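Residues in the sequence shown are numbered from 1026 upward in steps of one, following my numbering. We put the beta carbon where it would ideally sit given N, CA and C, even for glycine. Please read all numbers here as calculations on a predicted model, not as lab measurements. Below: one structure, written as structure tokens.
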Amino acid sequence: MTYDSLEAVNKLSYPVKIQFDLADNEFVAEFLDLPGCSAAGSTVAEAYERAQNAKAEWLRVAFQQGLPIPKPSEPGDHSGRILVRVPTSLHGMLADRAQLHGVSLNQYIVHLLSAGAVRDESADRLQQVIDRVEQLQWQVGKLQSYMNRVVSSPTQASYYGTNVAAATVTGGPVIYDTHTMTQEVST
1026 MTYDSLEAVN KLSYPVKIQF DLADNEFVAE FLDLPGCSAA GSTVAEAYER AQNAKAEWLR
1086 VAFQQGLPIP KPSEPGDHSG RILVRVPTSL HGMLADRAQL HGVSLNQYIV HLLSAGAVRD
1146 ESADRLQQVI DRVEQLQWQV GKLQSYMNRV VSSPTQASYY GTNVAAATVT GGPVIYDTHT
1206 MTQEVST
């Protein structure tokens, strides 16, 4: 869609989706209609405010470069009615279960779909937690390996360019920075 002015573009109201990212421990606000337009923050309000700034910048750049600016999607594009074809055996089983629970077939199917959607989202969040735990376990493993080297060789342990010598000068260990080869004495 084309617009006459940047002011007209900035008046467009795009829906924003805000979710908590467990891996990064922050909220992420994303404009699904604007590819790549998102921002993060430690609170919902901060993520939203940053996303609004990102949206303004995204639209400004697209407008100035003559790129297509998508029309905002409408959140009410869904009628609430769907048609799903299922095997007769599944239809019968669902009807029996609905009757057992004392609800209509439609109510029972809505219940199952809702429970499945929640379970699916929970599985996604659980996977984020698992990924974060694995990342932390890897970092702890690296730290344990480093500590084992320090304990097993107290005269010299090397880790990311810093050597720690156990020799004492004025009561503290001598630390050599291998990047500058300078000596610091901690007391």
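Closest residue to Ser1063 among Asp1149, Ile1134, Asn1078 and Tyr1171 (Cα-Cα distance): For the purposes of this step, residue 1063 is taken as the residue at position 38 of the sequence shown. With distances taken between Cα atoms, Ser1063 lies closest to Asn1078.
Cβ-Cβ separation, Leu1047 to Pro1164 (assumed contact under 8 Å), whole Å: In the sequence shown, the residue the question calls residue 1164 occupies position 139. In the sequence shown, the residue the question calls residue 1047 occupies position 22. Reading the sequence as shown, one finds Gln at residue 1164 and not Pro. In fact, because the Cβ distance is near 16 Å, the residues do not count as touching under 8 Å.
Cβ neighbour criterion (16 or more within 10 Å) applied to Glu1055: On the sequence shown, residue 1055 is found 30 positions in, with the first residue counted as 1. By the neighbour-count rule (16 or more Cβ atoms within 10 Å), Glu1055 is buried.
According to DSSP, residues forming a beta bridge with Ala1065: What you label residue 1065 is simply residue 40 of the sequence shown in a count that begins at 1. Under DSSP, Ala1065 forms a beta bridge with Val1053.
Inter-residue spacing [alpha-carbon to alpha-carbon] between Leu1037 and Val1128: To locate residue 1037, count along the sequence shown from 1; it is residue 12. To locate residue 1128, count along the sequence shown from 1; it is residue 103. C-alpha separation (whole angstroms): 43 Å.
Bridge partner(s) assigned by DSSP for Lys1036: For this step, residue 1036 is matched to residue 11 along the sequence shown. Per DSSP, none; premise fails for Lys1036.
First and last residue of the uninterrupted beta strand (DSSP E) at Ile1094: For the purposes of this step, residue 1094 is identified with residue 69 of the sequence shown, where counting begins at 1. Careful: Ile1094 lies outside any beta strand (DSSP E) and carries neither H nor E.
Cutoff 7 Å; reference Phe1045; Cβ partners in own chain excluding five residues on either side: Along the sequence shown, one-based indexing puts residue 1045 at 20. Only Phe1052 meet the Cβ criterion.
Residue interval of the alpha helix (DSSP H) (run including Asp1058): For the purposes of this step, residue 1058 is taken as the residue at position 33 of the sequence shown. Here Asp1058 belongs to no alpha helix (DSSP H), and DSSP marks it neither H nor E.
Status (buried if at least 16 other CB within 10 Å, exposed otherwise) for Ala1076: Translated into the one-based positions of the sequence shown, residue 1076 becomes position 51. Its Cβ being crowded by 16 or more others within 10 Å, Ala1076 is buried.
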